[in-house]
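Worksheet: one structure, shown below.
Numbering (my numbering), first residue to last: 1 to 117.
As structure tokens, this is what we get:
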């Protein structure tokens with residue numbers, strides 16, 4: 001990391017990427033979601049947090065002002081079984097065993113009834 005850990009990206013779910021052409025100055029990076037996490041706003045054009053926004057909220061936090069630093073700027077975990085994702089959709093087929101059992105029972109009853117006729 002070119003910022004040597006000085007970025008304010010939330011390390012639990014995001015990682016810092018330098019934005020070329022901005023030099024080494026405050027906020028000249030973006031926080032992108034780590035593998036296994038997705039950006040929480042599916043309608044956003046850019047799927048990352050800008051360093052300037054993160055730095056601004058962190059500065060408000062440091063001064064004791066109302067801020068969104070701990071509430072925002074986090075990516076959300078992908079569903080179980082997903083290496084990467086764009087939303088919370090499951091990657092593994094989840095079988096509904098109750099519905100399958102009910103349908104199997106009804107099918108069995110109908111076949112039994114038809115055999116009796």
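Where is the CB? At the ideal position from N, CA and C, for every residue including glycine.
Whole-number beta carbon distance between residue j and residue i, since they are thought to touch under 8 Å
{"i": "residue 55", "j": "residue 26", "result": "5 Å"}
{"i": "residue 77", "j": "residue 36", "result": "7 Å"}
{"i": "residue 85", "j": "residue 49", "result": "18 Å between Cβ atoms; not a contact."}
{"i": "residue 92", "j": "residue 81", "result": "4 Å"}
Residue i - partner residues in DSSP beta bridges
{"i": "residue 116", "result": "Paired residues: none, contrary to the question."}
{"i": "residue 76", "result": "38"}
{"i": "residue 17", "result": "30"}
{"i": "residue 50", "result": "30"}
Selection from the options that minimises the alpha carbon distance to residue i
{"i": "residue 30", "options": "16, 21, 20 and 43", "result": "16"}
{"i": "residue 44", "options": "87, 79 and 83", "result": "87"}
{"i": "residue 19", "options": "98, 103 and 28", "result": "28"}
{"i": "residue 32", "options": "64, 93, 40 and 14", "result": "14"}
Own chain partners of residue i with C-beta closer than 6 Å, once the 5 adjacent residues on each side are dropped
{"i": "residue 67", "result": "57, 60 and 61"}
Cutoff 7 Å; reference residue i; Cβ partners in own chain excluding five residues on either side
{"i": "residue 22", "result": "28"}
Contacting residues, own chain, Cβ-Cβ under 8 Å from residue i (five flanking each side not counted)
{"i": "residue 89", "result": "79"}
Contact between the stretch 3 to 22 and the stretch 63 to 78 (3+ Cβ pairs under 8 Å): At 8 Å Cβ cutoff, the stretches touch.
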